[in-house]
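Residue numbers (the working numbering): 4 to 364.
Okay, structure coming up:
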């Protein structure tokens, strides 16, 4: 081959490479542009104004009550619980079962606190969701007894599974019969979100818990929950009879301070469609709607004005309206203990009185 031909071939190859590169870059540019357009359109859609549909005006609104948290903020928890039932006339309550309180020593069970709450609910015709598992509502999320292991973030998987399944079985067997007020079991709290001090997500453990509860009490529905903003919901929704989402609109982090999620109700409508299509799940509820401040540090240690800047009666009403606009027909609000604290300890009953607007339904 002559030098002239070699140069010609090299030139042709270079030209082809250049053309291919230009086509590739052009294609990549179009792809990026298309993705950006989709993202922008989705962002516009999730923030479009929307109204509460007529059938959701009277959405069922309840609360989560944590007797441990009520104690921690200086309340007589039984007094707060009865005030919630009798003054607010709440008819739907989510109650956590704290493993480390019920079984402080292996095999020695004290259900007196749970029994009392359920009996008072039953007297008043209140419906209850019982939350069981190692991870249940309120920080630090994880409530594993010390006898299982000292470090809840690093427990032997086999031992944890054995002891936890055994505890779940004891709880379900205790309340399965003669407790019509218990309408559903929530198995774990946001089990697929690495939040709190528990060990990392163990899908096998969650599946084993769900299977055991379903085996012991097939008559009651099982709720599995997930983060409203930080998850696609598919793992939780595909395992549940009822899927429960959290809904926090204003949050705090050390890095960013206070900030508000730039999303509207349509964001949650889109995710309901997602789990309907890919998880065959049509029963979604708001299991945890923000009704309490999210501040730096312990809530009641913040100045009252800081607490009320993050959550007040206007924000509470707006959050409930927001939740109704998502189309979900059951809403459980977070923060009833704090409302009572503000009323009793801070002489500020505004949130407590506001809650009466949605009570009794």
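From the three backbone atoms N, C-alpha and C, an ideal C-beta is built for every residue, glycine too.
Beta strand (DSSP E) runs wholly inside the stretch 218-248, at least 3 long, in chain order
If we require 3 residues or more, the beta strand (DSSP E) runs fully inside the stretch 218-248 come out as 224-229.
Using a Cβ distance threshold of 8 Å, determine whether the stretch 57-75 contacts the stretch 130-146, with at least three qualifying pairs required.
Counting C-beta pairs with one atom in each stretch, the stretch 57-75 and the stretch 130-146 have three or more that are closer than 8 Å, which means they touch.
By Cβ distance below 7 Å, which residues in the same chain neighbour residue 91 in space, the five residues on each side in sequence not counted?
In the chain shown, counting from the first residue as 1, residue 91 sits at position 88. So the qualifying residues of the chain are 358, 359 and 362.
Spatial distance of residue 71 from residue 113 (CA atoms)
Within the chain shown, the letter at position 68 stands for residue 71. Within the chain shown, the letter at position 110 stands for residue 113. Here the alpha carbons of residue 113 and residue 71 stand approximately 15 Å from one another.
For residue 127, three-class secondary structure by DSSP:
Start at 1 with the first residue of the chain shown, and residue 127 comes out as number 124. Collapsing the DSSP output to three states places residue 127 in coil.
Can you tell me which residues form a DSSP beta bridge with residue 334?
Mapped onto the chain shown, residue 334 falls at position 331. BP columns for residue 334 point to 64 and 289.
Quick one: Cα of residue 213 to Cα of residue 179, how far?
Counted from its first residue, the chain shown places residue 213 at position 210. Counted from its first residue, the chain shown places residue 179 at position 176. Looking at the two C-alpha atoms, the distance is approximately 15 Å.
Which residue's Cα is closest to the Cα of residue 353: 293, 316, 132 and 330?
Looking up residue 353 in the chain shown gives position 350. Across the set 293, 316, 132 and 330, the C-alpha of 316 shows the shortest separation from the C-alpha of residue 353.
Looking at the unbroken alpha helix (DSSP H) that takes in residue 255, where does it start and where does it end?
Against the chain shown, residue 255 aligns to sequence position 252. For residue 255, there is no enclosing alpha helix (DSSP H); the enclosing beta strand (DSSP E) has its first and last residue at 253-256.
Go to residue 104, then tell me how far its beta strand (DSSP E) extends in each direction, as first and last residue.
To locate residue 104, count along the chain shown from 1; it is residue 101. No beta strand (DSSP E) contains residue 104, which is instead part of the alpha helix (DSSP H) from 102-105.
Measure the alpha-carbon distance for residue 131 versus residue 121 and round it to whole angstroms.
Here residue 131 refers to the residue found at position 128 when the chain shown is read from its first residue. Here residue 121 refers to the residue found at position 118 when the chain shown is read from its first residue. Taking the straight line from one Cα to the other gives about 8 Å.
For residue 138, name the three-state secondary structure that DSSP assigns.
By 1-based counting over the chain shown, the position of residue 138 is 135. Residue 138 sits in a strand when the DSSP states are folded into three classes.
Compute the minimum distance between the beta carbon of residue 101 and the heavy atoms of the ligand COA, and state whether it is under 6 Å.
Within the structure as shown, the ligand COA is missing, as the structure has no ligands at all.
For the 8 Å Cβ check, are there 3 or more pairs between the stretch 277-289 and the stretch 182-198?
Taking a cut-off of 8 Å for Cβ pairs, the stretch 277-289 and the stretch 182-198 do not touch, as fewer than three such pairs fall below it.
Closest to residue 374 by C-alpha separation, out of 145, 300, 203 and 136, would be which residue?
The structure shown does not extend to residue 374, since the chain is modelled only from 4 to 364, so the question has no answer here.
Per-residue DSSP class, three states only, for residue 305
The residue labelled residue 305 in the question sits at position 302 within the chain shown. Of the three classes helix, strand and coil, the one that applies to residue 305 here is coil, per DSSP.
Same chain, Cβ closer than 8 Å to residue 51, neighbours up to 5 away in sequence not counted
What you label residue 51 is simply residue 48 of the chain shown in a count that begins at 1. Here the set comprises 267 and 269.
With 16 as the cutoff for other CB atoms within 10 Å, does residue 239 come out buried or exposed?
As a working note, residue 239 is residue 236 in the chain shown. Buried, by the Cβ-count rule.
Ends of the alpha helix (DSSP H) at residue 174?
As a first step, residue 174 must be located in the chain shown, where it is residue number 171. Segment 160-178, the alpha helix (DSSP H) holding residue 174.
As assigned by DSSP and simplified to three states, the class of residue 362
Here residue 362 corresponds to residue number 359 of the chain shown, with the count starting at 1. Looking at residue 362 - three-state DSSP - the assignment turns out to be coil, as it is neither helix nor strand.
Would residue 242 be called buried (16 or more neighbouring beta carbons within 10 Å of its own) or exposed?
Along the chain shown, read from residue 1 onward, the residue named residue 242 stands at position 239. Buried, because 16 or more other Cβ atoms sit within 10 Å of the Cβ of residue 242.
Sheet register partners of residue 187 (DSSP bridge)
On the chain shown, position 184 is the one that residue 187 refers to. Residue 187 is bridged by DSSP to 132 and 224.
C-alpha gap between residue 115 and residue 265, whole angstroms
Taking the first residue of the chain shown as position 1, residue 115 is located at position 112. Taking the first residue of the chain shown as position 1, residue 265 is located at position 262. Inter-residue distance for residue 115 and residue 265 is about 44 Å (C-alpha atoms, whole angstroms).
Three-state secondary structure (DSSP) at residue 12?
Your numbering for residue 12 matches position 9 in the chain shown. Confidence is the limiting factor: at residue 12 the pLDDT is only 47, short of 50, which leaves the residue's position unreliable and the question unanswerable from this model.
Do residue 228 and residue 271 come within 7 Å of each other at the CB atom, strictly closer than that value?
The sequence position of residue 271 within the chain shown is 268, counting from 1. The sequence position of residue 228 within the chain shown is 225, counting from 1. Annotated as distal: residue 271 and residue 228, with beta-carbon spacing of 7 Å or more.
Taking residue 99 and residue 129 to be in contact with their CB atoms under 8 Å, please state how far apart those CB atoms are, rounded to whole angstroms.
Translated into positions along the chain shown, residue 99 becomes position 96. Translated into positions along the chain shown, residue 129 becomes position 126. Contact flag wrong, Cβ pair sits at about 16 Å.
Can you give me the Cβ contacts of residue 12 inside the same chain, cut-off strictly under 6 Å, excluding the 5 residues immediately before and after it?
Numbered from its first residue, the chain shown carries residue 12 at position 9. The predicted model places residue 12 with a pLDDT of 47, which falls under 50 and marks its position as unreliable; any figure quoted below should be read in that light. Once the five neighbours on either side are set aside, residue 12 has no close Cβ partner at all.
Among residues of its own chain, excluding the 5 on either side of residue 109, which ones have a beta-carbon nearer than 7 Å to its beta-carbon?
Working through the chain shown from its first residue, we reach residue 109 at position 106. The beta carbon of residue 109 is closer than 7 Å to those of 150 in its chain, skipping five residues each way along the sequence.
Can you check whether the CB of residue 255 is closer than 7 Å to the CB of residue 293?
Here residue 293 corresponds to residue number 290 of the chain shown, with the count starting at 1. Here residue 255 corresponds to residue number 252 of the chain shown, with the count starting at 1. Note that the C-beta distance between residue 293 and residue 255 is not below 7 Å.
Please report the distance separating the alpha-carbon of residue 296 from that of residue 77.
The sequence position of residue 296 within the chain shown is 293, counting from 1. The sequence position of residue 77 within the chain shown is 74, counting from 1. Roughly 17 Å between the two C-alpha positions.
Give me the Cα-Cα distance between residue 125 and residue 93, rounded to the nearest whole angstrom.
Reading the chain shown from its first residue, position 122 is the one you call residue 125. Reading the chain shown from its first residue, position 90 is the one you call residue 93. Those two C-alpha atoms are separated by around 12 Å.
Are the CB atoms of residue 225 and residue 210 nearer to each other than 7 Å?
Start at 1 with the first residue of the chain shown, and residue 225 comes out as number 222. Start at 1 with the first residue of the chain shown, and residue 210 comes out as number 207. Against a cut-off of 7 Å, the Cβ pair of residue 210 and residue 225 comes out as no contact.
How big is the Cα-Cα spacing for residue 2 and residue 355?
Because the chain spans 4 through 364 in this model, residue 2 falls outside it and cannot be assessed.
Just list the residues that DSSP pairs residue 267 with in beta bridges.
In the chain shown, counting from the first residue as 1, residue 267 sits at position 264. Its beta-bridge partners do not exist; DSSP assigns none.
Confirm, please, whether the CB-CB distance from residue 83 to residue 332 is below 7 Å.
Position 329 of the chain shown holds residue 332. Position 80 of the chain shown holds residue 83. Taking 7 Å as the Cβ cut-off, residue 332 and residue 83 do not qualify as a contacting pair.
When the Cα atoms are used, what is the spatial distance from residue 299 to residue 341?
Numbered from 1 along the chain shown, position 296 holds the residue referred to as residue 299. Numbered from 1 along the chain shown, position 338 holds the residue referred to as residue 341. Approximately 16 Å, taken between the alpha carbons.
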